[in-house]
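For reference, the structure discussed in these notes is given below.
Shown next as structure tokens:
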């Protein structure tokens with residue numbers, strides 16, 4: 666299935682509006698927070714379900730479990 670393109674414009678306050686066709690497909694309702702990800706000249710927008718979910722697995726998993734002392738040393742660096 667190919668991508669669908671929707672158009673919007675930037676308001677005088679430099680804001681954009683997500684069109685009515687997009688919001689339901691992303692589960693976005695009034696007052697929801699959205700995440701905006703920029704890569705080059707491409708922008709992605711998605712609903713932020715919670716701070717934890719928005720940041721979960723941003724860093725890769727450790728190759729092996731760490732002991733408390735080793736973990737504390739790395740955190741201090």
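Residue numbers (the numbering used here): 666 to 742.
Note that the Cβ used here is the ideal one computed from N, Cα and C, for glycine as well.
Under the three-state DSSP convention, the category residue 735 falls into:
It is helical.
Residue ranges of each beta strand (DSSP E) within the stretch 683-732, 3 or longer
Restricted to the stretch 683-732, the beta strand (DSSP E) segments that are unbroken, complete and at least 3 residues in length are 699-704, 707-712, listed in chain order.
Chain-order list of residues whose beta-carbon lies under 6 Å from that of residue 692 (same chain, five-residue window excluded)
Hits under 6 Å: 712.
By Cβ distance below 6 Å, which residues in the same chain neighbour residue 698 in space, the five residues on each side in sequence not counted?
Counting only Cβ-Cβ distances below 6 Å, and skipping sequence neighbours, we find 713.
Between the C-alpha atoms of residue 710 and residue 724, what's the straight-line distance to the nearest angstrom?
When rounded, the distance between both Cα atoms is 20 Å.
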